[in-house]
DNA sequence: GCATATAGTGTCTTAGTGACACTAACAAGG
DNA sequence: CCTTGTTAGTGTCACTAAGACACTATATGC
């Protein structure tokens, strides 16, 4: 049974890049300039380049960098979406990634993309997206939500230094539910992922202590979820 | 930017099929009859057939059925493994699945496979496997272990009716650590996934109550892990 | 009957989250 | 200067689910 016996499906990459701005969970979308689905908003992605890309994660990183100018602090494989009809060009297999970055404004302008911008997760529901990108975003959100309940993953939506209040806001935006500041502080302590810097930051009331991610640490997972 | 601008990678499927026999976690391997890696043990997998297979899960199911005769009760996407050098035929992208079945003896005899048999997870370490299948098995085992700590997934390694003792043995084989029978019974109760049948089964001592998976239920996830 | 093996229960301990009141530190306005 | 409002951080009790383990129950084999 040789390789050539089979017609291979199209293989592509899609990225669901999340961030949180001001308590609002956002996903980065790009407006397609080319067919198919030209003029529609879509997830930044594309074809793997077998010469340049060491592997699929490298391809995902390159596509993100290329189409949005952003380099995520966290990138993880989500799931493969596949089928005969998801791409008008033929049988398609797309590997979706989900990624996290600190919020920054974006402005991209390359050939395949006319615009790139952040969209609130709630606003996206009303949009018409290319391919099955709605479903991909839903699945990515589910996964992120779940991981936010038992891990420190949401820190990747913040700059390297941050306050407990900021992290609390990010987590609440992700899981869509309030948590106890006390519980979060216990986790920050227990995780041993952060150092307490000398600085303090104004916040409208008492100044907040500033935490910093220790370099090279793994994200801690806890044995229990926040109340779900 | 057209499809044809890019040389596409090879896309394949690999299955890590787990079961538990007598307290021993096993993975199903097949002996390759054809190049590359002919004569080596490997994970059952192959190319997707864009005519037959509705999507990648269907392809995984078909490959398993074809190469081992088994139809798993649970099948989930694991992760994509990719790179220039993992397949001598060229740049390769393989989507690995992990699957669970009740233990049964296998004996397959088709063209591409000369043998199919169960291997203890510990015995596999000493084997030489095709491709990067060692790494895939390690990752699949990690994921299964993790899920066994907080979900009822391991029931798919048992027949439709089973006893608490059997489930306990399966879970312990997967996570490599003893758990309290009491804790498991509390979970069985709380999950509401099972009905208690009239039957009892001999087991060397007092007869055990027989549980049965309710048809069509989702696997329950708990908010806490077993001690890890 | 007695030893032994597995099944199932009762109940105290332990650990981590939830709830919430309380103190701390800052700004703005009188 | 003092009061009020706001956010930051602490102290502590309640709640819940798992761990530990003794105890009872029911089977087998001698």
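Protein chains in written order, with the working numbering: chain E, 4 to 231; chain U, 4 to 231.
In this text, a Cβ means the ideal position worked out from N, Cα and C, and glycines have one as well.
Predicted model, so just to flag it, every value in this text is computed and none were measured.
If contacts are defined as beta-carbon pairs under 8 Å, then residue i and residue j qualify, I think. What distance do you get, rounded to the angstrom?
i, j, result
"residue 227 of chain E", "residue 227 of chain U", "5 Å"
"residue 75 of chain E", "residue 104 of chain E", "5 Å"
"residue 12 of chain E", "residue 14 of chain U", "6 Å"
"residue 140 of chain E", "residue 19 of chain E", "6 Å"
"residue 232 of chain E", "residue 222 of chain E", "Examination of residue 232 of chain E is not possible in this model, given that chain E is present from 4 through 231 alone."
"residue 23 of chain E", "residue 106 of chain E", "6 Å"
"residue 142 of chain U", "residue 79 of chain U", "No, residue 142 of chain U and residue 79 of chain U are not in contact; Cβ-Cβ is about 12 Å, not under 8 Å."
"residue 63 of chain U", "residue 100 of chain U", "5 Å"
"residue 168 of chain U", "residue 211 of chain U", "6 Å"
Mapping DSSP to helix, strand and coil, what is residue i?
i, result
"residue 192 of chain E", "helix"
"residue 86 of chain E", "strand"
"residue 6 of chain U", "With a pLDDT of only 44 at residue 6 of chain U, under 50, the local geometry of the prediction cannot be trusted, and no value is derived from it."
"residue 225 of chain E", "coil"
"residue 17 of chain E", "strand"
"residue 154 of chain E", "strand"
"residue 220 of chain E", "coil"
"residue 92 of chain E", "coil"
"residue 231 of chain E", "coil"
"residue 54 of chain U", "coil"
"residue 110 of chain E", "coil"
"residue 149 of chain U", "helix"
"residue 11 of chain E", "coil"
I'd like the span of the beta strand (DSSP E) that includes residue i, first residue to last.
i, result
"residue 99 of chain U", "95 to 103"
"residue 179 of chain E", "Looking at the DSSP string, residue 179 of chain E is not in any beta strand (DSSP E), and its letter there is neither H nor E."
"residue 40 of chain U", "Per DSSP, residue 40 of chain U belongs to no beta strand (DSSP E) and is neither H nor E."
"residue 207 of chain U", "Per DSSP, residue 207 of chain U belongs to no beta strand (DSSP E) and is neither H nor E."
Spell out the partners DSSP gives residue i in its beta bridges.
i, result
"residue 29 of chain E", "E:22 and E:123"
"residue 77 of chain U", "U:103"
"residue 165 of chain E", "E:214"
"residue 118 of chain U", "U:34"
"residue 49 of chain U", "U:16"
"residue 132 of chain U", "U:44"
Taking residue i as part of the alpha helix (DSSP H), name the residues at either end of that continuous run.
i, result
"residue 214 of chain U", "Taken as a continuous stretch (DSSP letters only), residue 214 of chain U belongs to no alpha helix (DSSP H), being part of the beta strand (DSSP E) at 211 to 216."
"residue 202 of chain U", "Careful: residue 202 of chain U lies outside any alpha helix (DSSP H), inside the beta strand (DSSP E) at 197 to 204."
"residue 62 of chain U", "59 to 71"
Sorry if obvious, but does the Cβ on residue i come closer than 6 Å to a heavy atom of the ligand HEM?
i, result
"residue 93 of chain E", "What this structure holds is no ligand at all, so the ligand HEM is not there to describe."
Any residues in the segment 120 to 146 of chain E with a beta carbon nearer than 7 Å to a beta carbon of chain U? Which ones, in chain order? Across the segment 120 to 146 of chain E, no CB contact with chain U closer than 7 Å is found for any residue.
Using a Cβ-Cβ cut-off of less than 7 Å, give me the residues of the segment 58 to 79 of chain E that come near chain U, in sequence order. Of all residues in the segment 58 to 79 of chain E, only 58 and 59 place a beta-carbon less than 7 Å from a beta-carbon of chain U.
If you measure beta-carbon to beta-carbon, which residues of the segment 190 to 205 of chain E are closer than 8 Å to chain U? The segment 190 to 205 of chain E vs chain U, Cβ under 8 Å: nothing.
Give the residues from the segment 156 to 176 of chain E that approach chain U closer than 9 Å (Cβ to any Cβ), ordered along the chain. Within the segment 156 to 176 of chain E, no residue has a Cβ that lies closer than 9 Å to any Cβ of chain U.
Please list the residues of the segment 33 to 60 of chain E that have a C-beta atom closer than 7 Å to any C-beta atom in chain U, keeping them in chain order. Of all residues in the segment 33 to 60 of chain E, 37, 50, 51, 52, 53, 57, 58 and 59 have a Cβ within less than 7 Å of some Cβ in chain U.
Chain-ordered residues of the segment 90 to 101 of chain U with a beta carbon less than 9 Å from chain E: If you check each beta-carbon in the segment 90 to 101 of chain U against every beta-carbon of chain E, the ones closer than 9 Å belong to 92, 93, 94, 96 and 98.
Residues from the segment 215 to 228 of chain E in contact with chain U, defined by Cβ distance under 8 Å: The residues in question are 226, 227 and 228.
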